[in-house]
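First up is the structure itself, then whatever we jot down about it.
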Amino acid sequence: MRRRSTVRHQGFSLLEVMIAMALGTIVMAAAVQLFSKGLGATWTVSQRAEMQQDFRAAANMLTKDTSMAGAGMGNNVQIALPSGAGTQVPVYGCDQIPKCYINGGAVAYPTQLVSGVNVPYLYGLIPGWKFGPTLNAAAGPTDVITVVNTDTNFLLNCYKATVSSNTVVQFALPNPLPVTCIVPPPLTAPQALNDTVIGLTPGDLVLFSMAIGAGVGATTSTVIGEVTNVNPRGGGIYDVAFAAGDPLRMNQPAAAAGSIGNIPVNSTGSGNRINVTTYYIDNTITPPRLMRQVSGHSPVPVAENVSFLQFSYDLYNFDTGTMLTDQKDGGASQNMTPNQITKINIKHMSMASTLHGAKGYQGLDLQTSVSARDLTFKNDYPVK
Numbered sequence: 005m006r007r008r009s010t011v012r013h014q015g016f017s018l019l020e021v022m023i024a025m026a027l028g029t030i031v032m033a034a035a036v037q038l039f040s041k042g043l044g045a046t047w048t049v050s051q052r053a054e055m056q057q058d059f060r061a062a063a064n065m066l067t068k069d070t071s072m073a074g075a076g077m078g079n080n081v082q083i084a085l086p087s088g089a090g091t092q093v094p095v096y097g098c099d100q101i102p103k104c105y106i107n108g109g110a111v112a113y114p115t116q117l118v119s120g121v122n123v124p125y126l127y128g129l130i131p132g133w134k135f136g137p138t139l140n141a142a143a144g145p146t147d148v149i150t151v152v153n154t155d156t157n158f159l160l161n162c163y164k165a166t167v168s169s170n171t172v173v174q175f176a177l178p179n180p181l182p183v184t185c186i187v188p189p190p191l192t193a194p195q196a197l198n199d200t201v202i203g204l205t206p207g208d209l210v211l212f213s214m215a216i217g218a219g220v221g222a223t224t225s226t227v228i229g230e231v232t233n234v235n236p237r238g239g240g241i242y243d244v245a246f247a248a249g250d251p252l253r254m255n256q257p258a259a260a261a262g263s264i265g266n267i268p269v270n271s272t273g274s275g276n277r278i279n280v281t282t283y284y285i286d287n288t289i290t291p292p293r294l295m296r297q298v299s300g301h302s303p304v305p306v307a308e309n310v311s312f313l314q315f316s317y318d319l320y321n322f323d324t325g326t327m328l329t330d331q332k333d334g335g336a337s338q339n340m341t342p343n344q345i346t347k348i349n350i351k352h353m354s355m356a357s358t359l360h361g362a363k364g365y366q367g368l369d370l371q372t373s374v375s376a377r378d379l380t381f382k383n384d385y386p387v388k
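What follows is the structure, encoded as structure tokens:
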């Protein structure tokens, strides 16, 4: 006969299970919180690193372009554009679509009253005080800035330019090349005008220096045209069209002054491609972007999440020997012109990781000054 065991196998009591579950829940909550904080910190660090990278790239590009304002354009840059009865003031900020982008439109070049005629001018630097959109009502409208310089990478100046008509200029590669043509290695010859990488395309702007007449009475005319077509004829000869109706209104053959149409047929000279580079904020998309547009080509984004853009300028009046500093309007209210600007002050180029103040919000702000040495023909800062 088997004896029944009197040993009882006991499990956890209900109280013990409840205590264990409570402790486990506390540990799990702490682990989840720790993991969440670590994940948030990683997101914040990665977002800040990305923002710093974008900010650095945008700041470098902006400061480099502004420092080149007026480079290769000659002393005291001030080039008259088409003017006279029946002409339209040339503009910037449009492409070949055509579409205009600066605060939803185009911007007219600044004008001066000369002998009763409002003459528009292209300068080495053109301020755009409050020309941009408003992103923050308290801060007010953003600024726009436009800088102009010669494209030294494209050897257009090696070609001889001859006016064929009031809308066509023929470019021919002479032999030998002019002494002003310097072909840097590894190039062995100037690039073709229709080169697929660097050649002329519709929207490019060309600055011409053309001789009018001969002998003692000869003069030189400086005009700007917008390329509308390039037609290769072979043998290093190209017909480049500067037809009327271009988006930037540079080609106005009927203008009284300032256009290719004012230069007599068969006049010869040279041309240089110039870059008219504009920085502005585009708020038609979210988040707003800092955009860069060159001449009559479509703009490209430089950086996202740009929350403000503002400039001021230092000017030197070489007539009176006085200096103005920190002029937001580029000296316009003091009856000074952009060719008297000697320094660009970047008051704010602000970027944010988010524009809505959400968790992880961070921001950076560029504040610096750039001296554009090519804007004036001499060092205009007075020596004390």
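Taking this note's numbering as reference, the numbering of the sequence shown is continuous, increasing by one, and the terminal residue is 388. Note that the Cβ used here is the ideal one computed from N, Cα and C, for glycine as well.
With the cut-off set at 7 Å, would you say residue i and residue j are in Cβ contact?
i, j, result
"L197", "V227", "no"
"S87", "A261", "yes"
"Q92", "G207", "no"
"V280", "S299", "yes"
"V167", "S271", "yes"
"A62", "A215", "no"
"G136", "M77", "no"
"L313", "T200", "no"
"Y284", "V148", "yes"
"P124", "T138", "no"
"S357", "Q366", "yes"
"A458", "I83", "Because residue 458 is not part of the residues shown, which for the chain are 5 to 388, the question remains open."
"M355", "F16", "no"
"I350", "L379", "no"
"H352", "D330", "no"
"V304", "R293", "no"
"S373", "K347", "yes"
Any idea which residues DSSP pairs residue i with across the strands?
i, result
"N276", "L211"
"N122", "L117"
"D378", "Per DSSP, none; premise fails for D378."
"D369", "S354"
"S316", "N349"
"F175", "A165, Y242"
"T91", "None, per the DSSP bridge assignment."
"Q297", "T282"
"A112", "V95"
"T138", "P145"
"N321", "T326"
"N233", "A245"
"I106", "G109"
"A84", "Y125"
"I216", "T223"
Whose C-alpha, out of the options, is nearest the C-alpha of residue i?
i, options, result
"I290", "D199, G78, N309, P305", "Before going on, a small fix: residue 290 reads as Thr here, not Ile. Per the Cα distances, N309."
"L204", "L191, L181, N161, G217", "N161"
"N170", "V95, N79, A247, A24", "A247"
"A336", "G132, Y105, Q82, Q56", "G132"
"G90", "P257, Q174, Y105", "P257"
"N255", "G109, D378, T232", "T232"
"N157", "Q195, G325, F59, G334", "Q195"
"V111", "G367, A142, L252", "L252"
"D243", "V21, K164, N107", "K164"
"T288", "N107, A26, A24", "N107"
"T224", "E20, I267, D250, R237", "I267"
"G97", "T67, L66, I130", "I130"
"L85", "G109, T324, G229, M295", "G229"
"L159", "V95, I186, L18", "I186"
"G239", "S263, I23, Q371, Q174", "Q174"
"G109", "L117, V95, N122, E54", "V95"
What residue range is occupied by the uninterrupted beta strand (DSSP E) comprising residue i?
i, result
"Q256", "Here Q256 belongs to no beta strand (DSSP E), and DSSP marks it neither H nor E."
"D243", "241-245"
"N80", "Looking at the DSSP string, N80 is not in any beta strand (DSSP E), and its letter there is neither H nor E."
"H352", "345-356"
"K164", "164-167"
"G229", "223-230"
"N153", "148-154"
"L328", "326-331"
"I130", "129-132"
"V187", "Looking at the DSSP string, V187 is not in any beta strand (DSSP E), and its letter there is neither H nor E."
"V269", "Careful: V269 lies outside any beta strand (DSSP E) and carries neither H nor E."
"A307", "304-308"
Just checking, does the region 340-350 make contact with the region 313-322 on the three C-beta pairs under 8 Å criterion? yes
Can at least three beta-carbon pairs, one atom from the region 69-83 and one from the region 143-161, be found at a separation below 8 Å? yes
Contact between the region 271-285 and the region 200-214: three or more CB pairs below 8 Å? yes
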